[in-house]
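This report refers to the structure that appears directly beneath it.
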């Protein structure tokens, strides 16, 4: 089965019952790369026939603006049934996160931010058996 990964070393793999996105350490998310990341996720959801996603990493989101949160939320909403747990180390949720979640929810997708892996997996309603 193909492995739909973007070219920037972000790993997208399938585990028992969920898609795992793993970002490289200290990965800087740039506005111009968001569309490619979302397209890669949408392709993975199709390939694996799964909409439960654990999005994990130590990310630098400082370059993202309010518009980027809107755009990301709209792209999340294009993945029917998406349920994504964001597990970002050292990330303090902020207004852009809430805006992203609201835009996503308005389009039928569920997104939540977590600091604890077990809680994120519980919210996704999956058991990790790696």
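In the working numbering, the protein residues as written are 306 to 435. Think of the CB as a built atom: it goes at the ideal place given N, C-alpha and C, for glycine as much as any other residue. The model shown is predicted, which means the values in this text are computed figures rather than measured ones.
| Check | Outcome |
| --- | --- |
| DSSP three-state label for residue 446, please. | Any answer about residue 446 is impossible in this case: the structure gives the chain only from 306 up to 435. |
| Where does residue 357 land, buried or exposed, given buried means 16+ other C-beta within 10 angstroms? | buried |
| By alpha-carbon positions, which one of 374, 369, 386, 395 ends up nearest to residue 407? | 374 |
| Under the rule that 16 or more other beta-carbon atoms within 10 Å means buried, what is residue 309, buried or exposed? | Note that residue 309 scores 44 on pLDDT, short of 50, meaning its location in the model is unreliable; the coordinates nonetheless yield the value given after this. Residue 309 is buried by the Cβ-count criterion. |
| Can you tell which of 314, 364, 359, 342 has its C-alpha closest to the C-alpha of residue 331? | 364 |
| Which residues in the same chain have their Cβ closer than 6 angstroms to the Cβ of residue 398, if we skip the five residues on either side of it in sequence? | 418 |
| For residue 365, which residues does DSSP report across the bridge? | 333 |
| Looking only at DSSP bridge pairs, what is residue 357 linked to? | 388 |
| Within 10 Å of its beta-carbon, does residue 383 have 16 or more other beta-carbons around it, so buried, or fewer, so exposed? | exposed |
| At what residues does the alpha helix (DSSP H) containing residue 380 begin and finish? | 371-382 |
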